[in-house]
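If you're matching them up, the sequences are chains R and Z in order. In terms of the working numbering, the first sequence opens at residue 1 and continues consecutively. In terms of the working numbering, the second sequence opens at residue 530 and continues consecutively. Worksheet for the structure shown next.
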Amino acid sequence: MARVLVQLKLRLVLNALRSSNAAETSFILSTFFALVVAVGGFYVLAQFRGLSASVDLTTVIFTMFALGWLVVPIFAFGLDGTLDPATLALYPLRTRPLAIGLLAASATGAWPAANLLGLLGVTVGLAAGGLGVLVALIAVPLQVLFCITLARLVTTSLATLLRSRRGKDLAAFLFIPIFALIELLGQVIPNAATSGGITAASFAGVDAWMRWLPPGLAAHAIQDASTGHPATALARLAALAAVIIVLGWLWVRSLGRALVTADASTGSSHLRGAALPLARYGLPGTVAARTWIYQRREPTSLIYWAMTAVIMGVVSASTILGSHQHPAVVIGSAVVGAGFFCYFHANSIGLAGPPFLIEALALTSRRSLRAYFAGQNVALGAIAAPLLTAICWGLAAGVRNLAQGVPATAVALAGLGAALALANILTVTFAYPMATRAGSPMRQAAQGYGSYTFGGILATQAGVAVAVTPVILVAAFTGTAPDAVRAPALIIGSAAYGLALAWAGVRIAARQAQERLPELCQIAVHSTI
Amino acid sequence: MSETAIEVRGLRKSFGDKEAVAGVDLDIAAGSLAGLVGPNGAGKTTSLSIMTGLLRPDAGRIVINGLDVWADPVAVKAVIGVVTAEARLFERLSGREMLEYAGRLRGLPVAEARSRAAQLLDVLDLAADARRLVADYSTGMRKKAALGCALIHNPAVLFLDEPLEGVDPVSADVIRRLLTRLAGSGSTVLFSSHVMELVEQVCDHVSIIDKGKIVVSGTTEAVRGGKTLQRAFIDLVGPRASDEEVLSWLGSSSS
């Protein structure tokens, strides 16, 4: 059974590789990143040699790997056919050999190998002496086995939920902390480390409680063996093995249940007050109502708002953390935030997908199309204006220079108007189909349209930056004016400027949309939701 | 019944080298309940998409209730309703919100849109699920909700692409009765379907399309020619190649 399932896993990977150029590219990139993790992990762990906090740092790294194994399979549930017990439920398979087979399938592939090789960096960084290295060679495979068993238990226990709409929503929301973590690790921490804000000593003692978690047991077993405490080391390894056995037992039980449990994915609860709000305000109100509801109920929309907030924070992070002193960076956050807001809404028809046909059948006159774009803008603006303003003032407080809140807010409001205008125009003129891919909660450009994503980011960032340049210049040249006059004049003037841009964008987009409606319908039809 | 509600002349559409619609001519009388049948890939969906103004043709003319679809799309879209094959709706709206949204898009006053939405949900047996998200609807429920969206403005001509695919018998009966009632009131219904029994039972007009062309069109009786519609259809579009001899092992209890 193990052999069959390992072959199945390899066959699935190979078939995905052959299915399209995009899949091939994705596979090559994934393998490359696995290699980076293997080499990088080994290097980082090896660098801990001789540090006083080496065991603490190793525990943190081990725990992060375990968290990765916990989260990513939930995120990529649809990507690995062997993760879902429903795909095997139709075959006459006994639970125990099936479990061993699934475990073997999980351990097959570039990422498990990368984990194993990367974590073996402890043989250099933490282990000392023959016994230390020997224990490391046992502890690392146990740590990887713990990660795989934990991942299997979680995905199998949640399989019914993850197949449902709510489960997919839940998995989608995991994208927010993962994105924040990526930004933290890729931008904030390196900047802080470069400027001396974070050092190895900062991690001393952080494993006071982590040492009792399974990854901590593995790391401390190596430490104990290396410092002449073989009995403690063995006790820790035994405890880790016991945890793996318990998790495995729970997983086999869960698998047995999952194979005979009906799929309840269609179960759902009723909404309160499910009448369409704002519908009494004509066509703009009706479209605004639908857009407003989607901002609350559609995970992708919520993710976009969260990503905008995270990106704005990251831009100002270096100054907030004190490693650099550039209070005006808050204005940069406002520009980039408005730019990404624009990018996220610059293909609204592709994002809406086939349901757009229902709207297209009713929206044919230029006037109705103006109402359509205006309605969308009202709903998006009602969320974006206070959100961007609040973030600007929060960041101004973070950089300890509240005065920056005024120009940043002015830039954000003008940028918002520019973003809405540009998003409306791009939605019509550079619309492209979107696709939902297994394993990703985010919709991406359909195959062959990848360049639209890159081009979209560049165009929206550049477009918004150009549009807000007059506001930045006015803010710079009026810096010495009394705040009581400057602040309201700047903010109200910028808001009016933004409104004018948005109004112009609606008119241009409506005129273009009237000409291109059938083509836009086909783009919507070719999108998957 | 004698007035023509749907008039199609010389309709053509190609996608690259493939000619999906190769000169469709069709006349459907007002008040008809007409079926458009054909094998997979025959051009049914493409033809319906062009007729409803959702896909631009390479050539041809479509007139609905005296209005040219591509010359005056605003006027045409005001009098038609469309249910697409996949019945894709806004997943994050409730059924009630979805129908109300469709009504408001069509310019109905709020009270009227709400009232019609409630009545349609009731007739379509969706009242109990009116406050559930469309995302949680089954295929049959989606089809019924999509039909409600298409009917809410009382269209003079209704187009449906495979309206009964994936629909349970009870829901199918509800849809069938609604379509019959709509046609009986003077509206025109044109739908594509693979279900020959349905087309034979409810349609007074049938058109068979194959390889992008209408091979026969007329009253159901005339098209059947004394046979079942299924038989007439197979005779017209030709039997498909059979692999039965290869499957000699099938049906034996031994492996």
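Using N, Cα and C, we set each Cβ at its ideal position, and we do this for glycine too.
For R541(Z), the enclosing beta strand (DSSP E) covers residues T533 to F544.
Taking the Cα positions, F146(R) is about 15 Å away from T108(R). Contacts with chain Z (Cβ-Cβ distance below 8 Å) from the region 354-386 of chain R involve P354, P355, L357, I358, E359, A360, L361, A362, L363, T364 and S365, listed in chain order. Taking the Cα of T389(R) as reference, the smallest distance to any Cα among A338(R), L150(R) and A172(R) is reached at A338(R). Around the beta carbon of W209(R), fewer than 16 other beta carbons lie within 10 angstroms, which makes this residue exposed. Apart from sequence neighbours up to five positions away, the residues of its chain that approach L693(Z) with a beta-carbon distance below 7 Å are A701, I704, S722, V724 and L727, ordered along the chain. Contact with chain R is absent for S644(Z), since none of that chain's Cβ atoms lies less than 8 Å from the residue's Cβ. Nearest CB-CB separation between E615(Z) and chain R: below the 8 Å threshold. Annotation: E691(Z) is outside any beta strand (DSSP E) and is labelled neither H nor E by DSSP. Counting along the chain, the unbroken beta strand (DSSP E) around K742(Z) starts and ends at K742 to T748. As computed with DSSP, Q444(R) is found in a beta bridge with A435(R). Annotation for F173(R): the continuous alpha helix (DSSP H) segment containing it runs R165 to F173. Across the region 163-189 of chain R, CB contacts with chain Z closer than 7 Å involve R165, in sequence order along the chain.
Residue range H734 to D739 is occupied by the beta strand (DSSP E) that includes H734(Z). L758(Z) is outside the set of residues whose beta carbon lies under 8 Å from a beta carbon in chain R.
In this structure, S368(R) sits near L283(R), with a CB-CB distance shorter than 8 Å. With distances taken between CA atoms, G40(R) lies nearest to L119(R) out of A496(R), L119(R) and M312(R). Counting the other Cβ atoms within 10 Å of the Cβ of N569(Z) gives fewer than 16, which makes it exposed. Proximity to D654(Z) across R671(Z), A640(Z) and R643(Z) peaks at R671(Z), based on C-alpha coordinates. By the criterion of at least three beta-carbon pairs nearer than 8 Å, the region 497-512 of chain R is in contact with the region 417-437 of chain R. With respect to the 8 Å criterion, A127(R) and A136(R) are classified as neighbours on the basis of their beta carbons.
By the Cβ test, the region 655-667 of chain Z is in contact with the region 621-635 of chain Z, since at least three Cβ pairs between them sit closer than 8 Å. Under DSSP, the beta-bridge partners assigned to K547(Z) are F544(Z). Counting only the Cα atoms, L765(Z) lies some 28 Å from V592(Z). By alpha-carbon distance to Q512(R), the top candidate from V329(R), F430(R) and A172(R) is F430(R). According to the DSSP assignment, G564(Z) belongs to the beta strand (DSSP E) that extends over L562 to V566.
The continuous beta strand (DSSP E) containing A588(Z) extends over residues A588 to I593. One Cα belongs to G167(R), the other to I472(R), and the distance between them is close to 44 Å.
Short of 8 Å from the beta carbon of Y281(R), and not among the five residues preceding or following it, lie these beta carbons of its own chain, in chain order: A288. Assignment of L271(R) by DSSP, reduced to helix, strand and coil, places it in the coil class. Separation of the CB atoms of F373(R) and N424(R) is rounded to 5 Å, and the pair is thereby assigned contact status at 8 Å. Note that the region 641-652 of chain Z does not touch the region 594-611 of chain Z; fewer than 3 beta-carbon pairs, one per stretch, sit closer than 8 Å.
For the 8 Å CB-CB criterion, L565(Z) and T709(Z) do not form a contact. Contact of C392(R) with chain Z is not assigned, every C-beta pair being separated by 8 Å or more.
From the listed residues A233(R), L259(R), A459(R) and L102(R), the smallest Cα separation to A2(R) is found for L102(R). By the neighbour-count criterion, in which 16 or more other beta carbons inside 10 Å mark a residue as buried, R11(R) falls on the exposed side.
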